[in-house]
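Notes follow the structure.
In the numbering used here, the protein residues as written are -15 to 101.
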């Protein structure tokens, strides 16, 4: 017999938003202590998905401002919400996104690919 797959509950996302992402740091620490490994992984996955959703703009492309804003919003609690080393990876990814999307100051980038005479 094949088990029936259930759809994720919309209430679960609201619970994690309220009691993990928007909660004070001390409350998040206590919550994470009570969770088993699967629960901690679920919170980490939800946190990273929330950051990802904030980073993607209306056109479907990653925006440096959206990514930086989302990371800054959750930065005080990222070390509690995600496994060790994730914060450094997020910072590194932020630098890559910024370098790929934002031209250096004083640099002219020819986006139209037209020749300059």
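Note that CB positions come from ideal geometry on N, CA and C, so glycine has one too. It should be emphasised that the depicted structure is a prediction, and the values quoted were computed from it without experimental measurement.
Inset, instruction - With a cut-off of 8 Å on the beta carbons, I'd call residue 12 and residue 74 a contact; round off their distance for me. - result: For the purposes of this step, residue 12 is identified with residue 28 of the chain shown, where counting begins at 1. For the purposes of this step, residue 74 is identified with residue 90 of the chain shown, where counting begins at 1. So it is not a contact: roughly 17 Å between Cβ atoms.
Inset, instruction - Please state if the CB of residue 55 and the CB of residue 41 are separated by a distance shorter than 8 Å. - result: Within the chain shown, the letter at position 57 stands for residue 41. Within the chain shown, the letter at position 71 stands for residue 55. In this structure, residue 55 does not lie closer than 8 Å to residue 41 by Cβ.
Legend entry - Under 8 Å between C-beta atoms of residue 27 and residue 7: Counting from 1 along the chain shown, the entry for residue 27 is found at position 43. Counting from 1 along the chain shown, the entry for residue 7 is found at position 23. The answer is no: Cβ separation not under 8 Å.
Legend entry - From 43, 51, 21, residue whose alpha carbon lies closest to that of residue 83: Along the chain shown, read from residue 1 onward, the residue named residue 83 stands at position 99. Measuring from the Cα of residue 83, the nearest candidate turns out to be 51.
Legend entry - Contact under 8 Å by Cβ, residue 16 with residue 9: Translated into the one-based positions of the chain shown, residue 16 becomes position 32. Translated into the one-based positions of the chain shown, residue 9 becomes position 25. Not a contact, by the Cβ cut-off of 8 Å.
Inset, instruction - Answer with yes or no whether the minimum CB distance from residue 21 to chain B is below 8 Å. - result: As a matter of chain content, chain B is missing from the structure shown, which is built from one protein chain.
Inset, instruction - Measure the alpha-carbon distance for residue 62 versus residue 72 and round it to whole angstroms. - result: Along the chain shown, read from residue 1 onward, the residue named residue 62 stands at position 78. Along the chain shown, read from residue 1 onward, the residue named residue 72 stands at position 88. Rounded to whole angstroms, residue 62 to residue 72 spans 10 Å at the Cα level.
Legend entry - Integer-rounded CB distance, given that residue 58 should sit under 8 Å from residue 35: Start at 1 with the first residue of the chain shown, and residue 35 comes out as number 51. Start at 1 with the first residue of the chain shown, and residue 58 comes out as number 74. Yes, residue 35 and residue 58 are in contact; Cβ-Cβ is about 7 Å, under 8 Å.
Inset, instruction - Assuming residue 38 and residue 53 form a contact by the criterion Cβ under 8 Å, report the distance between their Cβ atoms to the nearest whole angstrom. - result: Position 54 of the chain shown, counted from the start, is the residue given in the question as residue 38. Position 69 of the chain shown, counted from the start, is the residue given in the question as residue 53. Confirmed, Cβ separation roughly 7 Å.
Inset, instruction - Rounded to whole angstroms, what's the CA-CA distance from residue 91 to residue -2? Just pull it up for me. - result: In the chain shown, the residue the question calls residue 91 occupies position 107. In the chain shown, the residue the question calls residue -2 occupies position 14. So the two alpha carbons sit approximately 44 Å from each other.
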